[in-house]
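Below is one structure, written out as C-alpha cells; comments come after it.
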Amino acid sequence: MTVLREVLDGRAEPAIYQVPADTDVDEIAESASSAGWQFVRIDGAQATDKAAVMRAMESSFGFPEWFGRNLDALADSLTDVRHEHGTVVLWDRADVFAGADPRQYNAVLSVLLSRSRSPVGGPFLTLLREAGEQSDPSSPSNPSEASDHGPESGDHDHHG
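If you want this note's numbering, it's the 1-based position in the sequence shown plus 106.
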C-alpha cells in the first residue's frame, strides 16, 4: 500500500485515494495503528443512496444520536473526528453509491476532502476500496475531477 505508507510517513498529503479491490483491510488497519493513527471502516456494500451512506458513516464514526444525516451534519460531525496522529478512513465498496447516485457521491467526497484539508483534528485520509480492478491505485479518486479530490502537493500531482 504505497499511498497509505506515503501519507503515514508524511511524504504525501492526506486526501482521497482509490486502493485496489484486493487490498487487505487488516493490513490497512495494522499500518494505521502502527503509525499511531486511528482506523475507521465504512461498509458501503448496501449504501445505494445518501440516507444509507449517512447511516453507514454515523455507525462507523460513532456519531451521536442527534446526527442530522445530511451533508452539513456530516461536515460538522467530521470536525469532531480528532486524533493526534491522524485518521485513516476506508470506505469499502464506495462504488455502490457512486454508481447509484454519482452527484451525491461526489458531494460526499467533497465533504471528506474538506475534512482532509482542515488542520483541525489531525490528518484525515480517505481510501476508497471499490469492486473490480483499479488502473492506478496511487491516483486520487475520480481522475476526471482530481483537482477537486486529489492532494494539493505538487510532488504528487496525478491529474494531468
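Every residue gets a Cβ at the ideal spot worked out from N, C-alpha and C, and that includes glycine.
So what does DSSP say about residue i, is it helix, strand or coil?
{"i": "Ser244", "result": "Low local confidence applies: a pLDDT of 41 at Ser244 is under 50, so the model's placement there is unreliable, with the coordinate-based value given in what follows. Of the three classes helix, strand and coil, the one that applies to Ser244 here is coil, per DSSP."}
{"i": "Glu239", "result": "Because Glu239 sits at a pLDDT of 47, beneath the cut-off of 50, its placement in the model cannot be relied upon, and the point is left open."}
{"i": "Val214", "result": "helix"}
{"i": "Phe203", "result": "helix"}
{"i": "Thr129", "result": "coil"}
Taking 9 Å as the CB-CB cut-off, is residue i touching chain D?
{"i": "Thr108", "result": "The chain labelled as chain D is not found in the depicted structure, where only one protein chain is given."}
Can you find the residues in the same chain that come closer than 7 Å, C-beta to C-beta, to residue i, ignoring five residues on each side of it along the sequence?
{"i": "Ala153", "result": "Val159, Ala162, Val202, Phe203"}
{"i": "Asp242", "result": "In this prediction, Asp242 scores a pLDDT of 40, lower than 50, which makes its location untrustworthy; no coordinate-derived value is stated."}
{"i": "Glu171", "result": "none"}
{"i": "Phe173", "result": "Glu164, Ala179, Ser183"}
{"i": "Arg188", "result": "Gly227, Gly228"}
I'd like the list of long-range same chain contacts for residue i, defined as Cβ closer than 6 Å, with 5 residues on each side in sequence excluded.
{"i": "Leu184", "result": "Arg221"}
{"i": "Ala206", "result": "Thr154"}
{"i": "Ala141", "result": "Leu114"}
{"i": "Asn212", "result": "none"}
{"i": "Ile134", "result": "Leu196"}
{"i": "Pro120", "result": "Val113, Ser222, Pro229, Phe230, Leu231"}
{"i": "Gln210", "result": "Lys156"}
{"i": "Ala138", "result": "Phe145, Val194"}
Below 8 Å CB to CB, which residues in the same chain sit around residue i once its five sequence neighbours on both sides are set aside?
{"i": "Asp149", "result": "Ala162, Ser166, Asp198, Arg199"}
As a quick exercise: from the options, pick the residue whose alpha carbon is nearest that of residue i.
{"i": "Thr129", "options": "Gln144, Leu110, Val214", "result": "Leu110"}
{"i": "Leu180", "options": "Glu133, Arg188, Gln210, Val214", "result": "Val214"}
{"i": "Ala157", "options": "Val146, Arg175, Val226, Arg147", "result": "Arg175"}
{"i": "Phe169", "options": "Glu190, Val146, Ala151", "result": "Val146"}
{"i": "Leu190", "options": "Pro225, Asp132, Glu136, Pro208", "result": "Before going on, a small fix: residue 190 reads as Glu here, not Leu. Checked all of Pro225, Asp132, Glu136, Pro208; the closest Cα to Glu190 is Pro225."}
{"i": "Val217", "options": "Val131, Leu177, Gly116", "result": "Leu177"}
Query raised in the report: Is the region 193-204 close to the region 220-233, with three or more CB pairs under 8 Å?
Result: Three or more beta-carbon pairs drawn from the region 193-204 and the region 220-233 are found closer than 8 Å, and the two stretches are therefore classed as touching.
Query - Contained beta strand (DSSP E) runs [length at least 3] in the region 141-207, N- to C-terminal order - result: Within the region 141-207, the runs of beta strand (DSSP E) that reach at least 3 residues and sit entirely inside it are, in chain order, 144-149, 193-198.
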